[in-house]
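Protein chains in written order, with the working numbering: chain A, 5 to 235; chain B, 5 to 235.
Every residue, glycine too, gets a C-beta built ideally from N, C-alpha and C.
Quick caveat: nothing in here was measured; it's all calculated off a predicted structure.
Structure, as structure tokens:
There are 2 protein chains.
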Amino acid sequence: MRDSDRTVIRALALFREIAEAEFDRLIEGAFLQRFPMHVVLINEGEHADFLHIIVEGVVELFARYEARETTIEILQPVTTFIPAAVVRDDVYLKSARTLAPSRILMIPATNVREMFGRDPVFARAVVDEVALRYRRLVRALKDQKLRTGAERLANWILETDRQQGSRGRVSMPYEKRTLSALLGMTPENLSRTLASLTAHGISGNGREILISDRDALLRCARPDPLIDGPE
Amino acid sequence: MRDSDRTVIRALALFREIAEAEFDRLIEGAFLQRFPMHVVLINEGEHADFLHIIVEGVVELFARYEARETTIEILQPVTTFIPAAVVRDDVYLKSARTLAPSRILMIPATNVREMFGRDPVFARAVVDEVALRYRRLVRALKDQKLRTGAERLANWILETDRQQGSRGRVSMPYEKRTLSALLGMTPENLSRTLASLTAHGISGNGREILISDRDALLRCARPDPLIDGPE
DNA sequence: GATCGCCATTGATAATCGTCAATTCGAAAT
DNA sequence: ATTTCGAATTGACGATTATCAATGGCGATC
Numbered sequence: 005m006r007d008s009d010r011t012v013i014r015a016l017a018l019f020r021e022i023a024e025a026e027f028d029r030l031i032e033g034a035f036l037q038r039f040p041m042h043v044v045l046i047n048e049g050e051h052a053d054f055l056h057i058i059v060e061g062v063v064e065l066f067a068r069y070e071a072r073e074t075t076i077e078i079l080q081p082v083t084t085f086i087p088a089a090v091v092r093d094d095v096y097l098k099s100a101r102t103l104a105p106s107r108i109l110m111i112p113a114t115n116v117r118e119m120f121g122r123d124p125v126f127a128r129a130v131v132d133e134v135a136l137r138y139r140r141l142v143r144a145l146k147d148q149k150l151r152t153g154a155e156r157l158a159n160w161i162l163e164t165d166r167q168q169g170s171r172g173r174v175s176m177p178y179e180k181r182t183l184s185a186l187l188g189m190t191p192e193n194l195s196r197t198l199a200s201l202t203a204h205g206i207s208g209n210g211r212e213i214l215i216s217d218r219d220a221l222l223r224c225a226r227p228d229p230l231i232d233g234p235e
Numbered sequence: 005m006r007d008s009d010r011t012v013i014r015a016l017a018l019f020r021e022i023a024e025a026e027f028d029r030l031i032e033g034a035f036l037q038r039f040p041m042h043v044v045l046i047n048e049g050e051h052a053d054f055l056h057i058i059v060e061g062v063v064e065l066f067a068r069y070e071a072r073e074t075t076i077e078i079l080q081p082v083t084t085f086i087p088a089a090v091v092r093d094d095v096y097l098k099s100a101r102t103l104a105p106s107r108i109l110m111i112p113a114t115n116v117r118e119m120f121g122r123d124p125v126f127a128r129a130v131v132d133e134v135a136l137r138y139r140r141l142v143r144a145l146k147d148q149k150l151r152t153g154a155e156r157l158a159n160w161i162l163e164t165d166r167q168q169g170s171r172g173r174v175s176m177p178y179e180k181r182t183l184s185a186l187l188g189m190t191p192e193n194l195s196r197t198l199a200s201l202t203a204h205g206i207s208g209n210g211r212e213i214l215i216s217d218r219d220a221l222l223r224c225a226r227p228d229p230l231i232d233g234p235e
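Printed below as a string of structure tokens:
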């Protein structure tokens with residue numbers, strides 16, 4: 005593993021506080037690997053043998069049921085997946101694939117579980133991480149059950165703009181079909197909804213969305229700190 | 005606190021393994037209280053000052069957005085809520101209310117957070133608990149995004165029957181309007197969907213549902229271990 | 001046992017959303 | 001520049017779901 009990678013991973017909330025020696029033991033047997041775009045890293049139903057960490061790139065967590073498929077979450081560096089399955093020593097409930105060329109660190113699940121018992125500081129960090137993920141998922145479920153498609157899209161635009169520096173210019177980090185799956189709608193409906201939001205403060209060209217009238221967009225979106233942010 | 009209550013709480017996965025002295029310290033300042041039906045215990049947005057444990061009764065976790073409201077989860081003894089907010093020392097994202105006369109144990113959040121650092125066994129138990137909840141929520145989100153209303157209802161019937169001993173006779177533990185909110189539909193639609201399932205293996209009277217043709221119901225529901233069970 | 005109030009049901013209608021099909025658009029390769 | 005392939009858009013249609021309104025039923029209360 006390169007030194008610069010080590011530094012980045014070490015800076016993760018999950019590893020920041022633990023002792024040097026413990027960190028070395030943890031990443032023993034781990035490996036950092038490059039993957040091209042659209043590679044499946046995890047298949048739901050498989051046993052959780054590794055804790056994955058996305059060091060670079062974009063990863064989609066998705067799930068299938070019969071012929072249907074939906075996106076649960078989209079992850080960007082630096083984040084772990086999927087901690088809950090590793091902690092419980094169980095099968096994954098979600099699949100994962102790269103949406104861009106990515107570098108992924110894979111830590112053997114046994115190392116992670118072993119280290120709970122040894123290092124209280126690490127155990128505390130893992131609790132924090134899983135609890136954070138739990139809360140994100142609560143927000144996602146509220147978003148899905150309490151809002152219409154147009155509201156979800158409007159809030160996604162505002163939230164993504166915030167993440168990109170509130171410049172009023174949002175660039176989509178992945179395909180529209182992926183965004184539609186994340187928002188819980190079909191690609192066709194995303195197109196139409198995006199078109200209809202043109203009358204409410206946005207204008208878009210391809211993968212760029214411009215927020216021309218933030219107040220109008222806010223009136224559509226009505227963001228809520230208990231759904232959208234700040235996490 | 006009564007001795008019998010103490011025994012029940014002590015048997016929780018969260019507390020089973022910890023030392024007697026630690027347990028005593030944890031529940032110092034805790035109190036066990038009775039609540040009538042339909043009492044709000046937690047308001048989303050409030051800071052998480054207590055870890056709640058439902059010792060007896062039924063508790064609904066729900067959330068509001070504007071004038072809308074939905075159910076996130078329904079809890080029965082013995083379960084904690086809401087561990088993630090307590091762990092992260094943050095505000096609740098969900099509200100909670102009793103759906104039946106209930107007895108709730110409330111442990112000061114500071115006690116819980118303090119004990120992480122002291123007791124690795126407890127820290128490990130908390131990780132397990134939060135991870136379990138995370139996985140339940142993943143299942144709920146998959147259920148919501150990947151299935152139709154009728155499928156969700158059919159699977160709820162099968163799952164509830166299993167929980168009640170697979171006797172082919174399901175009794176609803178709460179009002180139909182609550183079930184409809186849990187399943188992400190309106191009460192009107194629940195009525196209609198329930199009526200339509202009559203042609204597929206069930207027959208119902210009020211709060212009782214009889215599974216008359218399990219195979220037919222299974223063909224409707226198509227349960228999936230990665231969504232419905234076994235947790 | 002009669003009254004009251006709320007939940008549940010049913011019907012009618014409208015809005016939302018998904019599906020199918022046909023283009024259009026755009027990026028990558030030749 | 002041209003070709004090519006797949007994504008994105010657009011339109012038409014159908015299914016699903018929500019909303020509004022009215023009625024029926026059930027339990028709680030007196």
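- request: Tell me the start and end of each unbroken beta strand (DSSP E) in the segment 63-145 of chain B that is at least 3 residues and wholly inside, in chain order.
  value: 63-69, 72-79, 83-85, 99-102 and 106-112
- prompt: Between residue 153 of chain A and chain B, is there a C-beta pair that is closer than 8 Å?
  reply: Indexing the first sequence from 1 puts residue 153 of chain A at position 149. Output row for residue 153 of chain A: interface = no.
- request: List the residues that DSSP assigns as beta-bridge partners of residue 204 of chain A.
  value: Along the first sequence, one-based indexing puts residue 204 of chain A at 200. Looking at the DSSP assignment, residue 204 of chain A forms no beta bridge with any residue, so it has no partner.
field: Uninterrupted alpha helix (DSSP H) stretches inside the segment 7-57 of chain A (no shorter than 4 residues)
entry: 7-14 and 24-30
query: Assuming residue 134 of chain B and residue 89 of chain B make a contact with CB atoms under 8 Å, what is their CB distance in whole Å?
result: Residue numbering aside, residue 134 of chain B sits at position 130 when the second sequence is read from its first letter. Residue numbering aside, residue 89 of chain B sits at position 85 when the second sequence is read from its first letter. So it is not a contact: roughly 10 Å between Cβ atoms.
- prompt: What first and last residue would you give for the alpha helix (DSSP H) that runs through residue 173 of chain A?
  reply: In the first sequence, residue 173 of chain A corresponds to position 169, counting from 1. Looking at the DSSP string, residue 173 of chain A is not in any alpha helix (DSSP H); the run it does join, the beta strand (DSSP E), is 173-175.
task: Tell me residue 209 of chain A's beta-bridge partners as DSSP assigns them.
output: Here the question's residue 209 of chain A lines up with position 205 in the first sequence. A/212.
query: Leaving out the 5 sequence neighbours to the left and right, which residues in its chain are closer than 6 Å to residue 120 of chain A when beta-carbon positions are compared?
result: Along the first sequence, read from residue 1 onward, the residue named residue 120 of chain A stands at position 116. Within the same chain, residue 120 of chain A has close Cβ partners 127.
- request: Could you tell me which residues DSSP puts in a beta bridge with residue 60 of chain A?
  value: On the first sequence, position 56 is the one that residue 60 of chain A refers to. Beta-bridge pairing links residue 60 of chain A to A/107.
task: Mind the definition here: the segment 94-109 of chain B touches the segment 108-118 of chain A only if three or more C-beta pairs lie below 8 Å; say whether that holds.
output: no
- prompt: CB-CB under 6 Å to residue 154 of chain A, same chain, minus the five flanking residues each way: which ones, in chain order?
  reply: Numbered from its first residue, the first sequence carries residue 154 of chain A at position 150. Result list for residue 154 of chain A: 197, in chain order.
- request: Please list the partners that residue 48 of chain B has in chain A, where partner means a Cβ-to-Cβ separation under 8 Å.
  value: Locating residue 48 of chain B in the second sequence gives position 44, counting from the first residue. Simply 230.
- request: Put residue 161 of chain B into one of helix, strand or coil per three-state DSSP.
  value: On the second sequence, position 157 is the one that residue 161 of chain B refers to. Helix, per DSSP.
- request: Please name the residues in the segment 86-105 of chain B whose beta-carbon is closer than 8 Å to at least one beta-carbon of chain A, in chain order.
  value: 87, 88, 89, 91, 92, 94, 95, 97 and 98
message: Is there a Cβ of chain A sitting closer than 8 Å to that of residue 180 of chain B, yes or no?
response: To locate residue 180 of chain B, count along the second sequence from 1; it is residue 176. Answer no: the Cβ-Cβ gap between residue 180 of chain B and chain A never drops below 8 Å.
- request: Can you pull the chain A residues whose beta carbon is under 9 Å from the beta carbon of residue 20 of chain B, in chain order?
  value: Residue mapping note: residue 20 of chain B aligns to position 16 of the second sequence, counting from 1. Per Cβ cutoff of 9 Å: no residues; residue 20 of chain B is ~16 Å from chain A at best.
- request: Grab the span of the alpha helix (DSSP H) containing residue 230 of chain A for me, first residue to last.
  value: Within the first sequence, residue 230 of chain A is the residue found at index 226, counting from 1. Premise fails: residue 230 of chain A is in no alpha helix (DSSP H) and is neither H nor E.
task: Would you kindly work out how many angstroms separate the C-alpha atoms of residue 214 of chain A and residue 167 of chain A, rounded to a whole number?
output: As a first step, residue 214 of chain A is located in the first sequence; it is residue number 210 there, counting from the start. As a first step, residue 167 of chain A is located in the first sequence; it is residue number 163 there, counting from the start. The alpha-carbon atoms of residue 214 of chain A and residue 167 of chain A are separated by roughly 15 Å.
message: If I measure Cβ to Cβ from residue 20 of chain A and keep anything under 8 Å in the same chain, skipping five residues before and after, which residues do I get?
response: Locating residue 20 of chain A in the first sequence gives position 16, where the first residue counts as 1. Within the same chain, residue 20 of chain A has close Cβ partners 14 and 129.
- request: Consider the Cβ of residue 53 of chain B: report whether some Cβ of chain A lies at a distance smaller than 8 Å.
  value: Translated into the one-based positions of the second sequence, residue 53 of chain B becomes position 49. No, its Cβ sits nowhere closer than 8 Å to a Cβ of chain A.
- request: Might you give, ordered along the chain, the residues of its own chain that have their beta carbon closer than 6 Å to the beta carbon of residue 91 of chain A, omitting 5 neighbours on each side?
  value: Within the first sequence, numbered from 1, the residue matching residue 91 of chain A stands at position 87. The answer is none, since no qualifying residue turns up.
Contact between the segment 201-219 of chain B and the segment 175-183 of chain B (3+ Cβ pairs under 8 Å): yes
- prompt: Whose C-alpha, out of B/203, B/147 and B/170, is nearest the C-alpha of residue 186 of chain B?
  reply: Start at 1 with the first residue of the second sequence, and residue 186 of chain B comes out as number 182. Nearest C-alpha to residue 186 of chain B: B/147.
message: Need the endpoints of the alpha helix (DSSP H) that residue 219 of chain A sits in, please.
response: Locating residue 219 of chain A in the first sequence gives position 215, counting from the first residue. Where residue 219 of chain A is concerned, the enclosing alpha helix (DSSP H) stretches over 218-225.
message: Against chain B, which members of the segment 117-132 of chain A pass a CB distance test of less than 7 Å?
response: 120, 121, 124, 127, 128, 130, 131 and 132
task: Closer than 8 Å by C-beta to residue 53 of chain B: which residues in its own chain qualify, once you throw out the five before and the five after it? Chain order, please.
output: Here residue 53 of chain B refers to the residue found at position 49 when the second sequence is read from its first residue. Here the set comprises 112 and 113.
task: Can you give me the start and stop residues for the alpha helix (DSSP H) that residue 182 of chain B sits inside?
output: Here residue 182 of chain B corresponds to residue number 178 of the second sequence, with the count starting at 1. Segment 180-187, the alpha helix (DSSP H) holding residue 182 of chain B.
- request: Give the straight-line distance between the Cα atoms of residue 142 of chain A and residue 100 of chain B, rounded to the nearest whole angstrom.
  value: Against the first sequence, residue 142 of chain A aligns to sequence position 138. Against the second sequence, residue 100 of chain B aligns to sequence position 96. Computed Cα separation, rounded: 14 Å.
- prompt: Are the C-beta of residue 148 of chain A and some C-beta of chain B separated by less than 8 Å?
  reply: Indexing the first sequence from 1 puts residue 148 of chain A at position 144. At least one chain B Cβ lies under 8 Å of residue 148 of chain A.
task: Report the residue from A/67, A/144, A/95 and A/70 whose alpha carbon sits nearest the alpha carbon of residue 55 of chain A.
output: Position 51 of the first sequence, counting from 1, holds the residue named residue 55 of chain A. Measuring from the Cα of residue 55 of chain A, the nearest candidate turns out to be A/95.
query: Under a Cβ-count criterion, where at least 16 other Cβ atoms within 10 Å of its own Cβ denotes burial, should residue 35 of chain A be classed as buried or exposed?
result: The residue given as residue 35 of chain A occupies position 31 in the first sequence. Per the 10 Å Cβ criterion, exposed.
- request: Kindly indicate which three-state DSSP category residue 151 of chain B falls into: helix, strand or coil?
  value: Counting from 1 along the second sequence, the entry for residue 151 of chain B is found at position 147. Three-state DSSP puts residue 151 of chain B in coil, outside helix and strand.
message: Helix, strand or coil, according to DSSP, for residue 195 of chain B in the structure here?
response: Along the second sequence, one-based indexing puts residue 195 of chain B at 191. Residue 195 of chain B falls in the helix class under three-state DSSP.
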